[in-house]
Ligand SMILES: Cc1ncc(C[n+]2csc(CCOP(=O)(O)OP(=O)(O)O)c2C)c(N)n1
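Residue numbers (this note's numbering), protein chains in the order written: chain Z, -6 to 337; chain Y, 51 to 399.
Laid out in structure tokens, this is it:
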């Protein structure tokens, strides 16, 4: 026996992060939190046997069993409300709604119940409920299946709303949401599910709710976005840098409520011009809120009106050409950036 | 299966023709989806042809029909031109909704097909409202509302059945029990699996039919519609059937066994009805081949028509969002490409 073999191999340092998709990052967050806390359970349509319509919950039924990974009938109002009730008794239900469009069936339970019980009962009870649901459009799913309604929920005091745009934020924000003592709507996104990124593996790593991030630094103009609009904004920023030498800063909101106005204002105060981008309709939307906040915080710094780009304000048509034209696509964002810079 | 006598041969033949057309249409729609001619979600009704044709044929021309996202067959059975259904799948201007609706949203007002809807359970209250309007107008028209076994678990089911019974509305609720809501089998989503019994507590009597048998489905729906129309009593009909394909085109079907699918395929409504028609001398075997050939030809023509039809004009994006009259004031929409020129907007200073 040689002496070398007596010396144990150095234990390779566990990698701090790993490249994975957005859906895998969400799955990892669920797994870690379910392992950490017995009160956490998942329910929703097709989350168990089918492993999730978008495969977020793949493998979880096998690991945690049907008590903790619970398939539901198509009864959104019923099982979202059941989530509220269970949360009021101290459980930490995570309810998956197949897409945000179907959350409308349950909106009474979210707005009139989940959001209310904490304050309405004088703080005697809390509602640590998480609702996970994707928004998004672009696959010809037509008017009833293509909406981005997160602004509706961000409108409501008592709810928190987060909308991660990267795998790392998906994991970190979902974990924060599950640990939060208030109801949190976690807005996932259909086109981002397959996107990959570096994700911290430390089970104690979380992304705090209410903190925006500068996703790309720049000096000429600020793009404020969340969810898939952040992906679009980053693409536009890269293109404008390459083609026109314009350096756009991209602020990814990550949380819609609470809204991190400070990070947005700090950026706009430096760039003096801002375009707010969202996948939803701008009228009474997230970008409307941003415009109000920015004009107040940056009144003296603005060199141009706050601009916004969102979904065309129509029930989204099926035909591919109309759908493409209606979306807040990169051409539309770029054109708005150029016009706010008075270059077009 | 052969409990109920066949209708007259020409009627039976027409049913077979329509069922065959639906089958061939659905198959082709699936192929067109694979070729990316059709986008979005595509839900095929292969296996459910007897339920569709049997129930739709029980309607008078003046009755109303309303359905779900799985409704190409309902449109075809109601008489909508296959060309226009296919063009809708292609998202073209000559489609039934001018390319705005796609596969999930068929519509044909002149034929009183009041549409396919994408929110599970969303169409039930609308059906009650249509029946209410017919009642209000004092007509004899009834409404047939189609939905799936999964939809019976929505709150709208209980609310609507109660309204219909309370107000004595001329409406028939037909639950197409194809054994699954997406990947969840009936016994995994419903505590009571005899779905037809779920109306009784609301005052809506239930009745079950063999949804693989077009004759039984027809006779049962006729009787239900008669009660709804003449006695002003809503009825819940449960048609027992099976979808042979996945829920939509993106379904790996891991929640059921090949054996189960194969067992149900033994009862293929098209084959069994066709064979019965030949056995009883209503439609000779070679005529059935002819019927099939004609259905394929029709579908070929529909594809050519859909291909040739233009995409909607880009400037039509804002069409039909509102009925715009002189009274319109204020901003309806924001579009940075053309701020101030969306129809319906106040142009401003
Ligand atoms: C409110 C709502 N929840 C979920 C969905 C997603 N979804 C579409 S079809 C479907 C299954 C419906 O099953 P069933 O009612 O039995 O009809 P089938 O598809 O079998 O015809 C589900 C869950 C939806 N469209 N609407």
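C-beta: ideal position from N, C-alpha, C; glycine also.
| task | Within 10 angstroms of the Cβ of residue 38 of chain Z, are there 16 or more other Cβ atoms? Answer buried if so, exposed if not. | result | Residue numbering aside, residue 38 of chain Z sits at position 45 when the first chain is read from its first letter. Classification for residue 38 of chain Z: buried.
| message | Closer than 7 Å to a non-hydrogen atom of ligand 1 - does that hold for the CB of residue 200 of chain Y? | response | Taking the second chain and counting its residues from 1, the one referred to as residue 200 of chain Y is at position 150. Checking every heavy atom of ligand 1 against the Cβ of residue 200 of chain Y, one is found closer than 7 Å.
| 3 or more residues per run - each beta strand (DSSP E) lying fully within the stretch 181 to 207 of chain Y | 193 to 198
| Within the stretch 282 to 361 of chain Y, ranges of the alpha helix (DSSP H) (whole runs, at least 4 residues) | 308 to 315, 319 to 329, 335 to 358
| task | Return the CA-CA distance between residue 322 of chain Z and residue 212 of chain Z, expressed in angstroms with no decimal places. | result | Numbered from 1 along the first chain, position 329 holds the residue referred to as residue 322 of chain Z. Numbered from 1 along the first chain, position 219 holds the residue referred to as residue 212 of chain Z. If you take the alpha carbons of residue 322 of chain Z and residue 212 of chain Z, they lie about 23 Å apart.
| field | N-terminal and C-terminal residue of the alpha helix (DSSP H) that residue 314 of chain Z is part of | value | If you number the first chain from 1, residue 314 of chain Z lands on position 321. 313 to 319 is the span of the alpha helix (DSSP H), which, as asked, contains residue 314 of chain Z.
| query | Using a beta-carbon distance cut-off of less than 9 Å, what residues from the stretch 161 to 182 of chain Y approach chain Z? | reply | 167, 168, 169, 170, 171, 172
| said: Taking 7 Å as the cut-off, is the beta-carbon of residue 38 of chain Z closer than that to any non-hydrogen atom of ligand 1? | reply: Here residue 38 of chain Z corresponds to residue number 45 of the first chain, with the count starting at 1. Yes.
| message | Using a Cβ-Cβ distance cut-off of 8 Å, determine whether residue 71 of chain Z contacts chain Y. | response | Start at 1 with the first residue of the first chain, and residue 71 of chain Z comes out as number 78. It does: the Cβ of residue 71 of chain Z has a partner Cβ on chain Y nearer than 8 Å.
| field | Where the stretch 119 to 136 of chain Y meets chain Z: residues whose CB sits under 7 Å from a CB there | value | none
| task | Identify the contact partners of residue 39 of chain Z in chain Y, using a Cβ-Cβ distance below 8 Å as the criterion. | result | Position 46 of the first chain, counting from 1, holds the residue named residue 39 of chain Z. Result: 232, 233, 234.
| request: Count the other C-beta atoms from every protein chain shown that fall within 10 angstroms of the C-beta of residue 144 of chain Y, then say buried if there are 16 or more, exposed otherwise. | output: Position 94 of the second chain, counting from 1, holds the residue named residue 144 of chain Y. Buried is the call here.
| Rounded separation between residue 245 of chain Y and residue 202 of chain Y - CA only | Within the second chain, numbered from 1, the residue matching residue 245 of chain Y stands at position 195. Within the second chain, numbered from 1, the residue matching residue 202 of chain Y stands at position 152. Distance between the alpha carbons of residue 245 of chain Y and residue 202 of chain Y: 8 Å.
| Residues in the stretch 276 to 293 of chain Y with C-beta within 8 Å of chain Z's C-beta atoms, listed in sequence order? | none
| said: Using a Cβ-based criterion (distance less than 7 Å to any ligand heavy atom), does residue 129 of chain Z qualify as near ligand 1? | reply: Here residue 129 of chain Z refers to the residue found at position 136 when the first chain is read from its first residue. Incorrect: residue 129 of chain Z has no Cβ contact closer than 7 Å to ligand 1.
| query | So which residues of chain Z does residue 90 of chain Y contact, with C-beta pairs closer than 7 Å? | reply | The residue labelled residue 90 of chain Y in the question sits at position 40 within the second chain. Simply 132, 133, 134, 135, 311.
| field | Exposed unless 16 or more other CB atoms sit within 10 angstroms - verdict on residue 141 of chain Z | value | As a first step, residue 141 of chain Z is located in the first chain; it is residue number 148 there, counting from the start. With 16 or more Cβ atoms within 10 Å of its Cβ, residue 141 of chain Z is classed as buried.
| message | Measuring only the C-alpha atoms, how far is residue 303 of chain Y from residue 293 of chain Y? | response | What you label residue 303 of chain Y is simply residue 253 of the second chain in a count that begins at 1. What you label residue 293 of chain Y is simply residue 243 of the second chain in a count that begins at 1. When rounded, the distance between both Cα atoms is 11 Å.
| field | residue 243 of chain Z - DSSP class collapsed to helix/strand/coil | value | Taking the first residue of the first chain as position 1, residue 243 of chain Z is located at position 250. Strand.
| said: Would residue 314 of chain Z pass as an interface residue toward chain Y - the criterion being a Cβ-Cβ separation below 8 Å? | reply: One-based indexing of the first chain puts residue 314 of chain Z at position 321. For residue 314 of chain Z, the answer is yes, since a Cβ of chain Y falls inside 8 Å of its Cβ.
| Using a beta-carbon distance below 8 Å, is residue 221 of chain Z in contact with chain Y? | For this step, residue 221 of chain Z is matched to residue 228 along the first chain. No, residue 221 of chain Z lies away from the interface with chain Y (no Cβ there is under 8 Å from its Cβ).
| message | So for residue 265 of chain Z, helix, strand or coil by DSSP? | response | Within the first chain, numbered from 1, the residue matching residue 265 of chain Z stands at position 272. Correct three-state label for residue 265 of chain Z: coil.
| So residue 127 of chain Z is in the beta strand (DSSP E); what residue range does that whole segment cover? | Residue 127 of chain Z sits at position 134 when you count from the first residue of the first chain. That run of the beta strand (DSSP E) goes 123 to 128.
| request: Return the residues of the stretch 60 to 85 of chain Z that lie within a Cβ-Cβ distance of less than 9 Å from chain Y, sorted by chain order. | output: 64, 65, 66, 67, 68, 69, 70, 71
| task | Could you tell me whether any Cβ in chain Y is nearer than 8 Å to the Cβ of residue 184 of chain Z? | result | On the first chain, residue 184 of chain Z is found 191 positions in, with the first residue counted as 1. No, residue 184 of chain Z lies away from the interface with chain Y (no Cβ there is under 8 Å from its Cβ).
| said: Suppose you measure from the CA of residue 398 of chain Y to the CA of residue 261 of chain Z; what does that come to, to the nearest Å? | reply: Counting from 1 along the second chain, the entry for residue 398 of chain Y is found at position 348. Counting from 1 along the first chain, the entry for residue 261 of chain Z is found at position 268. Interpretation of residue 398 of chain Y is limited by its pLDDT of 36, a score under 50 that renders its predicted location unreliable; no figure is taken from the coordinates.
| query | With 8 Å set as the bound, which would you pick, yes or no: does the beta-carbon of residue 155 of chain Y sit closer than that to a beta-carbon of chain Z? | reply | In the second chain, counting from the first residue as 1, residue 155 of chain Y sits at position 105. Closer than 8 Å: yes.
| message | The alpha helix (DSSP H) that contains residue 272 of chain Y, what's its start and end? | response | Here residue 272 of chain Y is taken as the residue at index 222 of the second chain, counted from 1. Start and end: 264 to 280.
| Proximity below 8 Å, CB of residue 272 of chain Y to CB of residue 108 of chain Y | The count along the second chain starts at 1 and reaches residue 272 of chain Y at position 222. The count along the second chain starts at 1 and reaches residue 108 of chain Y at position 58. Yes, the pair counts as a contact, with Cβ atoms nearer than the cut-off.
| The alpha helix (DSSP H) enclosing residue 57 of chain Z, as first and last residue numbers | The sequence position of residue 57 of chain Z within the first chain is 64, counting from 1. Where residue 57 of chain Z is concerned, the enclosing alpha helix (DSSP H) stretches over 53 to 57.
| request: Flag residue 120 of chain Y as yes when its Cβ comes closer than 7 Å to any non-hydrogen atom of ligand 1, and as no otherwise. | output: Position 70 of the second chain, counted from the first residue, corresponds to residue 120 of chain Y. Residue 120 of chain Y: yes, Cβ under 7 Å from ligand 1.
| query | If we count the other Cβ atoms within 10 Å of its Cβ and call it buried at 16 or more, is residue 176 of chain Z buried or exposed? | reply | Here residue 176 of chain Z corresponds to residue number 183 of the first chain, with the count starting at 1. Burial call: buried.
| query | What residues match up with residue 235 of chain Y in a beta bridge as DSSP calls it? | reply | Within the second chain, numbered from 1, the residue matching residue 235 of chain Y stands at position 185. Note: residue 235 of chain Y sits in a beta bridge opposite Y/230.
| said: Using the three-state DSSP reduction, which class does residue 79 of chain Y fall into: helix, strand or coil? | reply: The count along the second chain starts at 1 and reaches residue 79 of chain Y at position 29. Correct three-state label for residue 79 of chain Y: helix.
| Can you give the beta carbon distance from residue 220 of chain Z to residue 272 of chain Z, rounded, assuming they're within the 8 Å contact cut? | Residue mapping note: residue 220 of chain Z aligns to position 227 of the first chain, counting from 1. Residue mapping note: residue 272 of chain Z aligns to position 279 of the first chain, counting from 1. Their Cβ separation, rounded to whole angstroms, is 6 Å, which keeps residue 220 of chain Z and residue 272 of chain Z in contact under 8 Å.
| Of the residues Z/53, Z/135, Z/108, Z/302, which one's Cα is nearest the Cα of residue 278 of chain Z? | Reading the first chain from its first residue, position 285 is the one you call residue 278 of chain Z. Among Z/53, Z/135, Z/108, Z/302, the Cα nearest to that of residue 278 of chain Z is on Z/302.
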